[in-house]
Amino acid sequence: MTHQAAQALVAGVGGKNPDIDPTAFTAPTSVVLGEVTLAAGASIWYSAVLRADCGPITLGADSNVQDNCTVHVDPGFPVSIGERVSIGHNAVVHGCTVEDDCLIGMGATVLNGAVIGAGSLVAAQALVPQGMIVPPGSLVAGVPAKVRRELTDEEREGIKVNALMYVELAKQHRASVSPDA
């Protein structure tokens, strides 16, 4: 049985249009609005929303925004997500910076002006408050989030492996759900 494939909603807002690398994947039911830049190998998964209506959102190479996430900006608080970053299911990333090789856990919230240092992991359901600076290589957890410890080399490598796994998954999904498939 075949079904007609849905397409992602990709549109400009206020004269600002998305800039999506041809190798990036936007799943059907995902929403990419306004001044959003998706680098090579980036992926936006089912029902995720990236809404850049009052500032830019940048997603680095081989990064992924998983199912049901919200990425949004405020005036003066753009979103910058580095390379090989995974934003876990149902997370909210708002007006902040997430540096390279990070994992934002499922259901976590990162608020305006926060900076997640390279190679860090924000635990599931954590709330990173406005303006918090997380040192590189940290595990942060809790409500409000606190730095709990440094990540091991093995944990940091696992973050990269996870991101690269999503690059491969995106290729499989593109082949299955693309209108051209």
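Residue numbers for the sequence shown follow numbering that gives the first Met the number 0, beginning at 0 and rising by one.
A virtual CB, placed ideally from N, CA and C, is assigned to each residue, including glycine.
Quantities reported herein were computed from a predicted structural model and do not represent experimental measurements.
Item, Value
"Gly40 beta carbon near the ligand NAP (any heavy atom closer than 7 Å)", "Ligands in the displayed structure: none, and consequently the ligand NAP is not present."
"Sequence-distant residues of the same chain with beta carbon closer than 6 Å to Leu102, five excluded per side", "Ser85, Leu120, Ile158"
"Coil, strand or helix - His2 by DSSP", "Residue confidence is low: His2 scores 48 on pLDDT, short of 50, so the model does not pin down where it sits. No coordinate-derived value is stated."
"For Val70 and Leu49, believed in contact at Cβ under 8 Å, the rounded distance", "5 Å"
"For Pro135 and Gly118, believed in contact at Cβ under 8 Å, the rounded distance", "5 Å"
"Bridge partners - Glu149, DSSP secondary structure assignment", "Ser137"
"Segment contact, 8 Å Cβ cut-off, at least three pairs: the segment 120-131 with the segment 28-36", "no"
"Nearest-angstrom beta carbon gap, Phe24 and Arg173 [assumed within contact, 8 Å]", "5 Å"
"Reduced DSSP category for Leu58 - H, G, I as helix; E, B as strand; rest coil", "strand"
"Residue range of the beta strand (DSSP E) that includes Glu255", "Shown here, the chain extends from 0 to 180; a query on residue 255 therefore has no answer."
"Pairwise C-alpha distance: Pro21 and Ser175", "17 Å"
"Closest by C-alpha distance to Pro27, when choosing among Val12, Pro17, Tyr45", "Tyr45"
"Inter-residue spacing [alpha-carbon to alpha-carbon] between Gly116 and Gly106", "19 Å"
"Proximity to Tyr165 [Cα-Cα], best of Gly11, Cys95, Ala60", "Ala60"
"Residues near Gly11 by beta carbon distance below 8 Å, same chain, minus five either side", "Pro17, Leu32, Gly33"
"Residues of its chain near Ser137, where Cβ-Cβ distance is below 6 Å and the 5 sequence neighbours each way are ignored", "Ser119, Val146"
"Neighbourhood of Ala123 by C-beta distance below 8 Å, restricted to the same chain and skipping five residues each side", "Gly87, Gly104, Met105, Gly106, Ala107"
"Paired residues, beta bridge with Leu102 - DSSP", "Ser85, Leu120"
"C-alpha distance - Leu58 paired with Cys95, whole-angstrom precision", "12 Å"
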